[in-house]
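Residue numbers (our numbering): 7 to 70. To start, the structure under review is shown below, and the notes come after it.
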């Protein structure tokens, strides 16, 4: 789940949009409503890759 978008909200929105294949509005809504679940039942490798991209953009992600 996305816990926080930090100081780089726009970069985190772009990373979430790219990682999940969402439209801009959907990604923006997810980020602005943090903490929010991004995706469930994802293979561990895919989840780690998404986490890395979002954290590089400045977000905080917790895998569960």
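Backbone N, C-alpha and C fix where the C-beta goes; we use that ideal spot for every residue, glycine too.
Beta-carbon proximity of residue i to residue j, cut-off 7 Å
i: residue 68; j: residue 9; result: yes
i: residue 59; j: residue 25; result: yes
i: residue 43; j: residue 7; result: yes
Spatial distance of residue i from residue j (CA atoms)
i: residue 40; j: residue 49; result: 22 Å
i: residue 16; j: residue 70; result: 25 Å
i: residue 12; j: residue 66; result: 7 Å
i: residue 37; j: residue 56; result: 14 Å
Which residues DSSP lists as bridging residue i, in chain order
i: residue 42; result: 8
i: residue 67; result: 8
Where residue i falls: helix, strand or coil (DSSP)
i: residue 48; result: coil
CB-CB length for residue i against residue j, believed under 8 Å
i: residue 22; j: residue 30; result: Going by Cβ atoms, the distance from residue 22 to residue 30 rounds to 10 Å, so no, they are not a contact pair.
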